[in-house]
Amino acid sequence: MSTIKGLVFDLDGVITDTAERHFLAWQRIADGLGISIDREWNERLKGISRTESLELILAEAPTLILDAAGKTQLLDEKNAHYLELIAEITAADILPGIPELLEAAKEGGCRMAIASASKNAPIILARLGLSDTFDSVIDPDALTHNKPHPEIFEKAAQALGLRADECIGFEDSLAGIEGIKRAGMPAVAIGIPTFGQWIPDIEVDATRELDLKKIFSQLAMKERVEG
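Here's what the structure looks like:
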């Protein structure tokens with residue numbers, strides 16, 4: 054295994070948990086269309102883009118036909134609702150264990166990037182007081198493919214000036230884990246109960262369990278065993 058020099062993080066569910074706010078914003082859109090979605094259904098939207106999320110919701114009402122302008126209007130409305138909901142986010146909303154992990158990474162000289170499908174990542178990071186913590190925030194609008202394609206993780210490594218195998222990816226979605234592994238990065242899965250084809254290198258139940266020294270040690274041990 055190459056020496057790890059960079060860390061690549063998803064945002065929602067890894068750095069902070071805005072999932073409930075996303076759900077409430079999408080639920081408001083769905084309600085306006087006469088579509089019912091609950092929190093369990095909302096799990097389908099985890100890790101995918103805003104446009105893909107809207108298409109999944111619209112698929113619940115196959116007789117509802119919207120043109121491109123109608124869909125764009127709904128996407129703008131959802132984002133407006135979401136921005137209202139995140140207006141009160143503060144550093145107190147950073148998930149447990151993440152401040153310590155970021156500090157350990159900084160002290161160890163690791164470069165760090167955000168690889169999130171959220172177009173609002175810079176706004177959220179600013180509200181969390183973390184804008185200066187990350188060396189790069191990948192713009193999802195500049196990507197050709199969404200997760201689970203590895204593009205966003207490949208771009209993150211490139212932005213850090215590193216190879217993919219010199220970075221560790223942190224994700225809380227199956228789509229994200231697949232993208233990390235396809236990019237050639239070691240993957241840390243957070244709070245994912247089951248896996249399919251793409252198995253992470255390290256699993257934790259919650260962010261509070263993340264410890265950078267232990268992660269490095271586990272990855273080194275894994276390589277020795279597999280080597």
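54 is the number of the first residue of the sequence shown in this note's numbering; add one for each residue after it.
From the three backbone atoms N, C-alpha and C, an ideal C-beta is built for every residue, glycine too.
Nothing here was measured: the structure is a model prediction, and the numbers come from that model.
- [ ] Count the other CB atoms, across all protein chains shown, that sit within 10 Å of the CB of Ser169; report buried if there are 16 or more and exposed otherwise.
- [x] Counting from 1 along the sequence shown, the entry for residue 169 is found at position 116. Buried, since its Cβ has 16 or more Cβ neighbours within 10 Å.
Open item on the list: Do Ala212 and Ala166 count as a contact pair if the criterion is CB distance below 7 Å?
Closed with: Position 113 of the sequence shown holds residue 166. Position 159 of the sequence shown holds residue 212. Contact flag set, yes.
Open item on the list: On the CB-based measure, 16 or more other CB atoms within 10 Å of its CB, does Val61 come out buried or exposed?
Closed with: To locate residue 61, count along the sequence shown from 1; it is residue 8. Result: buried.
Open item on the list: Just verifying my parser: in three-state terms, what is the DSSP assignment at Arg216?
Closed with: Taking the first residue of the sequence shown as position 1, residue 216 is located at position 163. Here Arg216 sits in coil by DSSP.
TODO: Please go through the same chain and pick out, in chain order, the residues whose beta-carbon is closer than 7 Å to the beta-carbon of Ile130, but skip the five residues on each side of it.
DONE: In the sequence shown, the residue the question calls residue 130 occupies position 77. Before going further, note that residue 130 is Glu rather than Ile in the sequence given. Answer for Glu130: Ile82, listed in chain order.
TODO: Identify every run of the alpha helix (DSSP H) within the region 194-238, keeping only runs that are complete inside it and at least 4 residues long; order them along the chain.
DONE: 204-212, 227-236
Open item on the list: Taking the straight line between their C-alpha atoms, what separation do you get for Ala273 and Asp120?
Closed with: Counting from 1 along the sequence shown, the entry for residue 273 is found at position 220. Counting from 1 along the sequence shown, the entry for residue 120 is found at position 67. So the alpha carbons of these two residues sit roughly 52 Å apart.
TODO: With DSSP as the reference, label Met54 as helix, strand or coil.
DONE: Taking the sequence shown and counting its residues from 1, one reaches residue 54 at position 1. With a pLDDT of 44 at Met54, under the threshold of 50, the predicted position of this residue should be treated as unreliable, though the coordinate-derived value follows. Three-state DSSP puts Met54 in coil, outside helix and strand.
Open item on the list: Once DSSP output is grouped into helix, strand and coil, what is the label at Asp65?
Closed with: Sequence index remark: in the sequence shown, residue 65 carries index 12 (1-based). Asp65 sits in a strand when the DSSP states are folded into three classes.
Task: Rounded C-alpha distance that separates Met54 from Leu227 - done: On the sequence shown, position 1 is the one that residue 54 refers to. On the sequence shown, position 174 is the one that residue 227 refers to. Its pLDDT being 44, under 50, Met54 is placed unreliably in this model, and the value from its coordinates should be taken loosely. Met54 and Leu227: Cα-Cα distance of roughly 23 Å.
Open item on the list: Just to confirm the assignment, what range does the beta strand (DSSP E) spanning Glu256 have?
Closed with: Counting from one through the sequence shown, the residue named residue 256 turns up at place 203. In the DSSP assignment, Glu256 falls within the beta strand (DSSP E) that extends over 255-257.
TODO: Identify, in the order they occur along the chain, each residue of the same chain with its Cβ nearer than 7 Å to the Cβ of Asn199, setting aside the five sequence neighbours on each side.
DONE: For this step, residue 199 is matched to residue 146 along the sequence shown. Around Asn199, the same chain offers Ile101, Ser102, Glu105, Ala170 as residues with beta carbons nearer than 7 Å, after the five sequence neighbours per side are excluded.
TODO: Could you please give me the residues that DSSP links to Ile167 through a beta bridge?
DONE: Taking the first residue of the sequence shown as position 1, residue 167 is located at position 114. For Ile167, which the question treats as bridged, DSSP gives the partners Phe62, Val190.
TODO: Mind reading off the beta-carbon distance from Ile354 to Thr247? Whole number of angstroms is fine, and I expect it under 8 Å.
DONE: Residue numbering for the chain in the displayed model covers 54 to 280; residue 354 lies beyond these limits and cannot be assessed.
- [ ] Report the option in Leu77, Glu73, Ile205, Ile118 whose CA atom is closest to the CA atom of Val190.
- [x] As a first step, residue 190 is located in the sequence shown; it is residue number 137 there, counting from the start. Ranking the options by Cα distance to Val190, first place goes to Ile205.
Task: Ile101 (DSSP reduced to helix, strand or coil) - done: To locate residue 101, count along the sequence shown from 1; it is residue 48. In this structure, Ile101 counts as coil in the three-state DSSP scheme.
Task: For Ile147 and Ile230, the rounded distance between their alpha carbons - done: Here the question's residue 230 lines up with position 177 in the sequence shown. Here the question's residue 147 lines up with position 94 in the sequence shown. Roughly 21 Å separates the two Cα atoms.
Task: 7 Å CB neighbourhood of Glu207 in its chain, flanking five on each side removed - done: Here the question's residue 207 lines up with position 154 in the sequence shown. For Glu207, where only same-chain residues beyond five positions count, the Cβ hits under 7 Å are Ala217, Ala236.
Open item on the list: Once DSSP output is grouped into helix, strand and coil, what is the label at Ala114?
Closed with: Translated into the one-based positions of the sequence shown, residue 114 becomes position 61. Residue state, collapsed to three classes: coil.
Open item on the list: Buried or exposed, going by whether 16 or more other CB atoms sit within 10 Å of the CB of Ile110?
Closed with: Counting from one through the sequence shown, the residue named residue 110 turns up at place 57. With 16 or more Cβ atoms within 10 Å of its Cβ, Ile110 is classed as buried.
TODO: Can you say whether Val278 is buried or exposed, counting buried as having 16 or more other CB atoms within 10 angstroms of its CB?
DONE: Translated into the one-based positions of the sequence shown, residue 278 becomes position 225. Its Cβ having fewer than 16 others within 10 Å, Val278 is exposed.
Open item on the list: With distance defined between alpha-carbon atoms, name the residue in Ile68, Trp79, Ile118 nearest to Trp94.
Closed with: Within the sequence shown, the letter at position 41 stands for residue 94. Of the listed residues, the one whose Cα sits closest to Trp94 is Trp79.
Task: Gly66 burial status per 10 Å Cβ neighbour count (16 or more: buried) - done: Residue numbering aside, residue 66 sits at position 13 when the sequence shown is read from its first letter. By the 10 Å Cβ count, Gly66 comes out buried.
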